[in-house]
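In numbering that gives the first Met the number 0, the protein residues as written are 0 to 96. Have a look at the structure below before the remarks.
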Amino acid sequence: MVTISREDVEYVAALARLELTEQETQEYTEQLNSILGYAAMLERLDTDGVLPTAHAVPLHNVLREDQVGLSIPQEKALQNAPDADEGFFRVPKISLT
């Protein structure tokens, strides 16, 4: 069985830019190893004869039909926009880098 070490938890915390206390590091190490223990139990299950399933329940495309309804005219929608261009809302560019 694969186990998670303190170093693994500290490494992932550093990647996520999380500052963990010693107690939190210990708790997360124990919790993650507990989860891996459950996964190891599942690996030992005999699944011969069990068909693979993609969904837990046999429901497919449980969506309602589209219903066309009334909407406000484009000009009225853009009326309160702080900035518009050629019939579209203009918004500030957002860059995450």
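All residues carry an ideal CB built from backbone N, CA and C; glycine is no exception.
- In the three-state reduction of the DSSP assignment, Asp-84 falls in the strand class.
- If you draw a straight line from the Cα of Met-0 to the Cα of Pro-91, it is about 50 Å long.
- Contact between the segment 3-10 and the segment 22-37 is present: three or more C-beta pairs spanning the two stretches fall below 8 Å.
- Around Ala-83, the same chain offers Leu-77, Arg-89 as residues with beta carbons nearer than 7 Å, after the five sequence neighbours per side are excluded.
- Rounded to the nearest angstrom, the gap between the Cα atoms of His-59 and Gln-25 is 43 Å.
- The beta carbons of Val-8 and Thr-28 sit closer together than 8 Å.
- Take the alpha-carbon of Phe-87 and the one of Leu-69: they are about 19 Å apart.
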